[in-house]
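If you read the protein sequences in the order shown, they are chains E and A.
Residue 188 in my numbering is what sits at position 188 of the first sequence, and the numbering runs on without skipping anything.
Every position in the second sequence, counted from 1, becomes a number in my numbering once 1000 is added.
One structure below.
Number of protein chains: 2
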Amino acid sequence: MRDIYCGVDLGGTKVNIGFVTREGDVIRDVKIPTHPERGAKDTMERVNAAILSLLDEAGMKKEDLKGIGIGSPGPLDSVRGVILKSSNLAGWVNEPIVDMLKEEFSDIPVKLQNDGNAATLGEYLFGCGRDYKNFVYITVSTGVGGGAVIDGKLQQGANSNAFEVGHMIINMKGLKCNCGNEGCFEAYASGTGMAKIARAKLKEGQKSVLCDMCDVDEVSTRHIFEAAKSGDEFAGKLVEDEGYYMGIGLYNVIALYNPEMIAIGGGVSNGLDMFYDKMMETIGSMSLKGNTEICKIKKVKREDCGLIGAAALSFYL
Amino acid sequence: MRDIYCGVDLGGTKVNIGFVTREGDVIRDVKIPTHPERGAKDTMERVNAAILSLLDEAGMKKEDLKGIGIGSPGPLDSVRGVILKSSNLAGWVNEPIVDMLKEEFSDIPVKLQNDGNAATLGEYLFGCGRDYKNFVYITVSTGVGGGAVIDGKLQQGANSNAFEVGHMIINMKGLKCNCGNEGCFEAYASGTGMAKIARAKLKEGQKSVLCDMCDVDEVSTRHIFEAAKSGDEFAGKLVEDEGYYMGIGLYNVIALYNPEMIAIGGGVSNGLDMFYDKMMETIGSMSLKGNTEICKIKKVKREDCGLIGAAALSFYL
């Protein structure tokens, strides 16, 4: 039997749990609701039960698992295995989730990393990053996050908080971000940012089919991409602007990290086809040709990189 | 005798050449003019002659040198030992400077890196960075450059062009940078940027003692710091703005690299005392407390970090 590792991709609404091989094959997986409002202990008890069920279905014993890796929203203390406090897991403060998992799986090594790092590792080992030593993963959805592999090694930083790319300032004194800063990359390029900009402009009286599709306060990136596809000019401009903002943010990453490949994931990447050209044109129009010309930018290859990367934490880190 | 390494810190106006120990002690050094207009071959022949003189003075033979390291303006190809093209060394294109050095020192290993990386290594090993694994060096003078050490290793990137921090965009569609981009960190925070902003405002009619100190087109950071010290309000505001711009740029570096220490060098760092508080206040007012609170920011400890770092290339990389 091939070595099997368990990945736990812990999100604000659901937890994806799966058994993964060293080659990145998911041989069995399950999703359960997170229900963070019930507390970390409740969630982790259900995670433990789900792992036991998967073992049972697979005809495996606990000791057949070579390791368990958890990717979780941060900030967290990966050394102690504690989630410090997370806006996506409301009410969770100083939760020793590795210990909670150890209550059932005391003899198995357990690793904890933030979800951006875990997904980066998954896409690096088994997706767009596999042929490169300098690789960046960026996820664009509610927020903007990701991780970086530098010369083959996952960047962690002094206290595991490296690559907070969403809060890099691209426009000082610009749009207010949810974090309190002004001008964060995330305030412009995230799905939330895109929708917020759209709503504000619609309320100023801009004409668009978006007004017919839903209540202005309900406008989401899904609506915007749909309207743009139907030829709506206002939505088309929003999508083009998304390409420009992404271009600026990625240019900064290219200037600093000089990567060979950037993979883009997250919900907004579903519209990547529509803003890819503007994004590349923005990057191509700037300086540092030595950096920009060698860097490929692609949509993520493994949509499940969060899960396989979590599993990979246990054999890669 | 202790092991001796030769560092060559190649700049646009002068070359600093020195013999350095593994402990970072400079036992002997000399500065010669670069004269880049005479061509790379001329410069490197004089560098070779200077190294021979230093050997002679020290009573050493060629084979007593354990290695030679060159820190040079980029972009360059560090693998082939070639300066590709540099705005600071006008006219130099595809210059194989390592081979030129090898003409005299064929049996000694020679390493080439960009000057930002070399200085980073010097300050990391022998200055502010010595107690840390995640360290950033930023030099603020004509431009803004630097380098990063990540988990104890110098970041180089896919083709040795990592950490082009000066061209990170902090204000999209903002001030024009010499590189052609709009809104680069360097366009705001470099000495050149600071002086350019000052001159533009003086030409708009702003009142300041700067107008009495020199011709408006001659205003430099030295004048600005001097005027600010004398209580000039206009110059004081410029210095405060420098603190704000530095704060924004360093915040981005802190968000992405999560370092424990940032050292600031270069000519503008001579005025660091005057804008340090505003810089720290700017960083402290922003989010990502996990990143900002553990990061110390200091003036560079080794003014000669370019030289000792160049020498260290030959035993550290």
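Each residue gets a CB set at the ideal place from its N, CA and C atoms; glycine is no exception.
Per DSSP, the beta bridge partners of A:Y1137 are A:G1147 and A:A1263. At least one C-beta of chain E is nearer than 8 angstroms to the C-beta of A:N1258.
Of the other Cβ atoms in all chains shown, fewer than 16 fall within 10 Å of the Cβ of E:H35; this residue is therefore exposed.
Membership of A:S1072 in the beta strand (DSSP E) is indicated by the continuous run L1065 to S1072. Interface annotation, A:C1214: not in contact with chain E, CB-CB separation never under 8 angstroms.
Positions of the alpha helix (DSSP H) runs, each at least 4 residues long and wholly inside the stretch 1033 to 1096 of chain A, are given as 1040 to 1058 in order along the chain. In terms of CA proximity to A:H1167, E:G290 leads the group E:R38, E:T13, E:D29 and E:G290.
Between the stretch 85 to 99 of chain E and the stretch 34 to 48 of chain E, the count of C-beta pairs closer than 8 angstroms reaches three or more; the two stretches touch. Of all residues in the stretch 230 to 248 of chain E, the ones placed with a Cβ closer than 9 angstroms to any Cβ belonging to chain A are Y244, Y245 and I248, in chain order. Assignment of beta-bridge partners to E:D29 by DSSP yields E:G18. Around the C-beta of E:R38, fewer than 16 other C-beta atoms lie within 10 Å, and the residue is accordingly described as exposed.
In this structure, the beta-carbon distance from E:A311 to E:Y5 falls below 8 angstroms. When the alpha-carbon of A:C1295 is set against those of A:Y1257, A:S1314 and A:F1315, the nearest one is in A:Y1257. Below 8 angstroms, enough C-beta pairs join the stretch 1126 to 1143 of chain A and the stretch 1258 to 1272 of chain A to call them touching: three or more.
Under the Cβ distance rule, E:S106 does not count among the residues neighbouring chain A, no pair being separated by less than 8 angstroms.
E:V300 sits in coil when the DSSP states are folded into three classes, being neither helix nor strand.
Legend: CB atoms of the stretch 66 to 85 of chain E lying less than 9 angstroms from CB atoms of chain A belong to residues G74, P75 and L84. Collapsing the DSSP output to three states places E:L250 in a helix. Contiguous alpha helix (DSSP H) elements confined to the stretch 204 to 240 of chain E occur at 210 to 213 and 221 to 229, taking only those with 4 or more residues. The continuous stretches of beta strand (DSSP E) do not include A:K1176, and DSSP gives it neither H nor E. Annotation: the stretch 1091 to 1127 of chain A contains the following complete segments of the alpha helix (DSSP H) (minimum length 4 residues), in chain order: 1097 to 1102 and 1115 to 1126. For E:C295, there is no enclosing alpha helix (DSSP H), as DSSP marks it with neither H nor E. Under the Cβ distance rule, E:V165 counts among the residues neighbouring chain A, one pair being separated by less than 8 angstroms. Excluding its 5 nearest sequence neighbours in each direction, A:N1171 has C-beta neighbours in its own chain below 6 angstroms: G1183, listed in chain order. For E:V165 against E:V253, the beta-carbon gap comes to about 7 angstroms, under 8 angstroms, which counts as contact.
Boundaries of the beta strand (DSSP E) around A:D1009: I1004 to L1010. In terms of Cα proximity to E:V15, the closest of E:P96, E:D25, E:N88 and E:I27 is E:N88. For the pair A:G1247 and A:K1278, the CB atoms are nearer than the 8 angstroms cut-off.
Proximity of chain E to A:C1128 at the Cβ level (cut-off 8 angstroms) is not reached, the minimal Cβ distance being about 14 angstroms. Contact between the stretch 64 to 76 of chain E and the stretch 108 to 121 of chain E is established, with three or more Cβ pairs separated by less than 8 angstroms. Between E:T21 and E:G309, the C-beta spacing is not below 8 angstroms. The beta carbon of A:T1292 is closer than 8 angstroms to those of Y1251, I1254, I1283, G1284 and M1286 in its chain, skipping five residues each way along the sequence. In the structure shown, E:E182 adopts extended strand secondary structure according to DSSP, grouped into three states.
A Cβ of chain E is located within less than 8 angstroms of the beta carbon of A:I1294. Beta-bridge partners assigned by DSSP to A:K1153: A:I1150.
For the C-beta of A:G1180, the chain E residues within less than 7 angstroms are, from N- to C-terminus, S287.
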